[in-house]
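Visitor:
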Ligand SMILES: [Zn+2]
Ligand SMILES: [Zn+2]
Ligand SMILES: [Zn+2]
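Numbering (my numbering), first residue to last: 1 to 147.
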């Protein structure tokens, strides 16, 4: 999703485009891996020193709600990462060592959705994360055991 597309979507949903909101969207596009709210805050503060973490959180959650970013939930909500939706809906494996988020190809909801729908349940959202260690964190942990 490009910045222009996101702005379009925000307007469509009836929200205003403030300069701060625009700066937050731009900040999401900077890092090469999905940033945390604090990462975004640091980038935005270069231009807008008075922006609060609270404002950043509210905007990121709004972007997640309207489907412009994927919120990657870590066990501690402070370290949640926000990824601009670049392709189809997907989930992540999250490294508990370094916080790296690896994109997974398939969503596992489909196999459950039909069953639930048939029983009369209405699904409005879902979250799915796998926790583990990336190869380099895993190797480092194994090495320290050997010593
Ligand atoms: Zn790692
Ligand atoms: Zn992803
Ligand atoms: Zn899914």
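Heads up, the beta-carbon is just placed ideally off N, CA and C, and yes, glycines get one too.
Under the DSSP definition of a beta bridge, which residues are partnered with residue 102?
Guide: DSSP lists 93 as partners of residue 102.
Visitor: Near residue 30, which residues of its chain fall below 7 Å by C-beta distance, leaving aside the five closest residues on each side in sequence?
Guide: The residues are 43.
Visitor: How should residue 49 be labelled, buried or exposed, when 16 other C-beta atoms within 10 angstroms of its C-beta is the threshold for buried?
Guide: Flag for residue 49 reads exposed.
Visitor: Mapping DSSP to helix, strand and coil, what is residue 81?
Guide: The answer is strand: DSSP assigns residue 81 an E or B state.
Visitor: Regarding residue 103 and ligand 2, is the C-beta to nearest heavy atom distance less than 8 Å?
Guide: Indeed, a heavy atom of ligand 2 lies less than 8 Å from the Cβ.
Visitor: Relative to ligand 2, is the shortest distance from any of its heavy atoms to the C-beta of residue 90 smaller than 8 Å?
Guide: Yes.
Visitor: Per the DSSP calculation, residue 131 is bridged to which residue(s)?
Guide: Residue 131 pairs with 94.
Visitor: With DSSP as the reference, identify every bridge partner of residue 69, one or two as the case may be.
Guide: DSSP lists 84 as partners of residue 69.
Visitor: For residue 45, report the span of its alpha helix (DSSP H) as first-last.
Guide: Its alpha helix (DSSP H) spans residues 37-47.
Visitor: Starting from the Cα of residue 70, find the closest Cα among 15, 25, 51 and 138 and give me that residue.
Guide: Measuring from the Cα of residue 70, the nearest candidate turns out to be 25.
Visitor: Examine ligand 1 and report whether any of its heavy atoms sits within less than 8 Å of the Cβ of residue 52.
Guide: It does not: the Cβ of residue 52 is nowhere closer than 8 Å to a heavy atom of ligand 1.
Visitor: Which same chain residues, not among the five before or five after residue 36, have their C-beta less than 7 Å away from its C-beta?
Guide: Only 79, 80 and 81 meet the Cβ criterion.
Visitor: Please determine, among 68, 45 and 55, the residue with the shortest C-alpha to C-alpha distance to residue 12.
Guide: Per the Cα distances, 68.
Visitor: Look up residue 107 in the DSSP assignment and say whether it is helix, strand or coil.
Guide: In this structure, residue 107 counts as coil in the three-state DSSP scheme.
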